[in-house]
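**Student:**
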Amino acid sequence: MGKSITGGRVQSLLKEAALVTWLPWLLARVAVTLALIASKFEVTHFTPLNSKAVELSRNGLLGYDAGWYQSIAANGYGGSGYSSERFYPLFPLLIKSLHLLTPFGWSFITVVLANAMAFVAGMALYLLVKIDLKDTLLARRSVWLLCLAPISFSLVFGYAESMLLVFAILTLLFLRRKAWWWAGLFGLLAATTRPLGLLLVAPALIEVVQSRKELSGRRVIAGAAAVLGPIIGTMSYLTWVAIAFGDFWAPIKIQQRPLHHGPLTNPLVVLYHAVFNLFHGHHIGTALHLPWICLAIVLIVVAFRRLPLSYAVFSLAIVLVALSGSNLDSFERYVLSAFPLIIVAAGWLRAKNTAVVVLSASAVVMSGYAFLTFQGLYVP
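The opening position of the sequence shown corresponds to residue 58 in this note's numbering, with each subsequent residue numbered one higher.
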């Protein structure tokens, strides 16, 4: 079992993590706010670049999936339409709970909860890298990159991704420290937040198998709980859907519609079509994901060489799932959940000058992506 951390040390680490996280977290929100202001100005004073631009600029941080989460919280799944079942319940459930306990409105709570979770995710990532990998500089760089990566503008929206990141990072932290029951709990929470949470089964199984010689008696049960947590979380929601709506597989079927993730497809076929479209001028929007796909593949290769096996396998599983649909929209957002890839990329930013240049450029690109999203030209 990993060396225990005293209460005083925990408090010190949490304070340290918060001090590292607050500035990049704040800068990300400034960048996205500027993009929203620019988008509102554009649709007010010029001809919009897209027919959706006016509506999306008006919706702001509640555009796209964020609106679904707010609707589910306010009206339930039954009052939000059939497609709402593809959104897992924990995030809207917390929104509803906070609405009942506070005087604030649905929109405010949705956005604030997502952004608060993004801050906690930064803290959690810092703790994971510092405690498990024992590299303080890498921990700092990882937090900055998580906050300012181009696709990280989605963590400013009222999305559930930030909550998934919190639970996934904590799951891996507790797995690495062999705190099996805690790992199982956070794995369960992750799996009731987003479908990708189920993939935490992979690192859990790896860590338990690697520790099998230390498992005996009650610890065997604890190890099993770590593996079963994400499965129980997923099955609980799908079972509820079956009881409430009569179709156990409804969330998956809805997600496989062409306008969403698309039918289940061989990732190699998806990659081939992306390359083909790039060189033949067809479906350029899909081809534009290709650079990020290539970067993700490179990062996975490096992850298998430099990070613990459980980190790398979890990242590989997420990228394969992201590539398994015919529609590559939101590919980058899915891959953001593969946070070990952020750690790998942060390892290339150890030199201060390199870090300043790359992170500054990344923040600018993030603001640009946010602007395109508000204009309806990019789907996060």
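Backbone N, C-alpha and C fix where the C-beta goes; we use that ideal spot for every residue, glycine too.
Which residue comes first and which comes last in the alpha helix (DSSP H) that contains residue 107?
**Tutor:** Your numbering for residue 107 matches position 50 in the sequence shown. Run containing residue 107: none; DSSP gives neither H nor E here.
**Student:** Which of the three DSSP states, helix, strand or coil, is assigned to residue 119?
**Tutor:** Mapped onto the sequence shown, residue 119 falls at position 62. In the structure shown, residue 119 sits in a helix (DSSP, three-state: H, G or I).
**Student:** Using the three-state DSSP reduction, which class does residue 364 fall into: helix, strand or coil?
**Tutor:** Indexing the sequence shown from 1 puts residue 364 at position 307. Coil, per DSSP.
**Student:** Return yes when the Cβ of residue 182 is within less than 8 angstroms of the Cβ of residue 203, no when it is not.
**Tutor:** Locating residue 203 in the sequence shown gives position 146, where the first residue counts as 1. Locating residue 182 in the sequence shown gives position 125, where the first residue counts as 1. Yes, Cβ-Cβ distance for residue 203 and residue 182 is below 8 angstroms.
**Student:** Taking the straight line between their C-alpha atoms, what separation do you get for residue 402 and residue 437?
**Tutor:** Within the sequence shown, the letter at position 345 stands for residue 402. Within the sequence shown, the letter at position 380 stands for residue 437. Spanning the two alpha carbons is a distance of roughly 21 angstroms.
**Student:** Please report the straight-line C-alpha distance between residue 363 and residue 265, rounded to a whole angstrom.
**Tutor:** In the sequence shown, the residue the question calls residue 363 occupies position 306. In the sequence shown, the residue the question calls residue 265 occupies position 208. Distance from the CA atom of residue 363 to the CA atom of residue 265, rounded to whole angstroms, is 20 angstroms.
**Student:** Kindly give me the distance between the Cβ atoms of residue 328 and residue 360, rounded to whole angstroms, as I take these residues to be in contact under 8 angstroms.
**Tutor:** In the sequence shown, residue 328 corresponds to position 271, counting from 1. In the sequence shown, residue 360 corresponds to position 303, counting from 1. With a Cβ gap of about 19 angstroms, residue 328 and residue 360 do not count as contacting.
**Student:** Buried or exposed, going by whether 16 or more other CB atoms sit within 10 Å of the CB of residue 102?
**Tutor:** Within the sequence shown, residue 102 is the residue found at index 45, counting from 1. Per the 10 Å Cβ criterion, exposed.
**Student:** Could you tell me if residue 411 is buried or exposed, where buried requires 16 or more neighbouring beta carbons within 10 angstroms of its beta carbon?
**Tutor:** Numbered from its first residue, the sequence shown carries residue 411 at position 354. Burial is judged here by how many other beta carbons sit within 10 angstroms of a residue's own beta carbon; residue 411 has fewer than 16 and is exposed.
**Student:** When you compare the CB positions of residue 230 and residue 185, do they come within less than 8 angstroms of one another, or not?
**Tutor:** On the sequence shown, position 173 is the one that residue 230 refers to. On the sequence shown, position 128 is the one that residue 185 refers to. Contact flag set, yes.
**Student:** Please report the straight-line C-alpha distance between residue 276 and residue 228, rounded to a whole angstrom.
**Tutor:** As a working note, residue 276 is residue 219 in the sequence shown. As a working note, residue 228 is residue 171 in the sequence shown. Going by the C-alpha atoms only, they are around 17 angstroms apart.
**Student:** I'd like to confirm the pairing. Which residues does DSSP put opposite residue 382 in its beta bridges?
**Tutor:** As a position in the sequence shown, residue 382 is number 325, starting the count at 1. Answer is 321.
**Student:** Assign residue 214 to one of three DSSP states: helix, strand, or coil.
**Tutor:** The residue labelled residue 214 in the question sits at position 157 within the sequence shown. In this structure, residue 214 counts as coil in the three-state DSSP scheme.
**Student:** Specify the secondary structure class of residue 146 as computed by DSSP and reduced to three states.
**Tutor:** Looking up residue 146 in the sequence shown gives position 89. Residue 146 falls in the coil class under three-state DSSP.
**Student:** Inspect the CB distances between the stretch 367–385 and the stretch 421–433 and report whether three or more fall short of 8 angstroms.
**Tutor:** no
**Student:** Measuring CB atoms only, is the stretch 131–149 touching the stretch 233–245, in the sense that at least three cross pairs come out at less than 8 angstroms?
**Tutor:** no
**Student:** If you reduce the DSSP assignment to three classes, tell me which class residue 235 lands in.
**Tutor:** In the sequence shown, residue 235 corresponds to position 178, counting from 1. Correct three-state label for residue 235: coil.
**Student:** Just the Cα atoms here: how many angstroms apart are residue 320 and residue 383?
**Tutor:** Taking the first residue of the sequence shown as 1, we reach residue 320 at position 263. Taking the first residue of the sequence shown as 1, we reach residue 383 at position 326. Those two C-alpha atoms are separated by around 6 angstroms.
**Student:** When you compare only the Cα positions, how much space is there between residue 252 and residue 212?
**Tutor:** Within the sequence shown, residue 252 is the residue found at index 195, counting from 1. Within the sequence shown, residue 212 is the residue found at index 155, counting from 1. Near 17 angstroms, if we compare the C-alpha coordinates of residue 212 and residue 252.
**Student:** For the alpha helix (DSSP H) containing residue 432, list its first residue and its last residue.
**Tutor:** Translated into the one-based positions of the sequence shown, residue 432 becomes position 375. Here residue 432 belongs to no alpha helix (DSSP H), and DSSP marks it neither H nor E.
**Student:** Return the CA-CA distance between residue 69 and residue 63, expressed in angstroms with no decimal places.
**Tutor:** Reading the sequence shown from its first residue, position 12 is the one you call residue 69. Reading the sequence shown from its first residue, position 6 is the one you call residue 63. The alpha-carbon atoms of residue 69 and residue 63 are separated by roughly 10 angstroms.
**Student:** Can you have a look at residue 98 and say buried or exposed, based on whether 16 or more other CB atoms are within 10 angstroms of its CB?
**Tutor:** Taking the first residue of the sequence shown as position 1, residue 98 is located at position 41. Per the 10 Å Cβ criterion, exposed.
**Student:** Taking only runs of the alpha helix (DSSP H) that begin and end inside the stretch 395–429, which ones reach a length of at least 4 residues, in chain order?
**Tutor:** 396–403
**Student:** Grab me the residues of residue 285's own chain with a C-beta within less than 7 angstroms of its C-beta, minus the 5 sequence neighbours each way, in chain order.
**Tutor:** On the sequence shown, position 228 is the one that residue 285 refers to. Close CB contacts of residue 285 within its chain, under the 7 angstroms cut and outside five residues either way in sequence, are with 241 (chain order).
**Student:** Among 117, 174, 149, 114, which one has its Cα closest to the Cα of residue 128?
**Tutor:** For the purposes of this step, residue 128 is taken as residue 71 along the sequence shown, with counting starting at 1. Here the closest residue by C-alpha is 149.
**Student:** Can you tell me whether residue 418 is buried or exposed? The criterion is at least 16 other CB atoms within 10 Å of its CB, across all chains shown.
**Tutor:** For this step, residue 418 is matched to residue 361 along the sequence shown. Under this definition residue 418 is an exposed residue.
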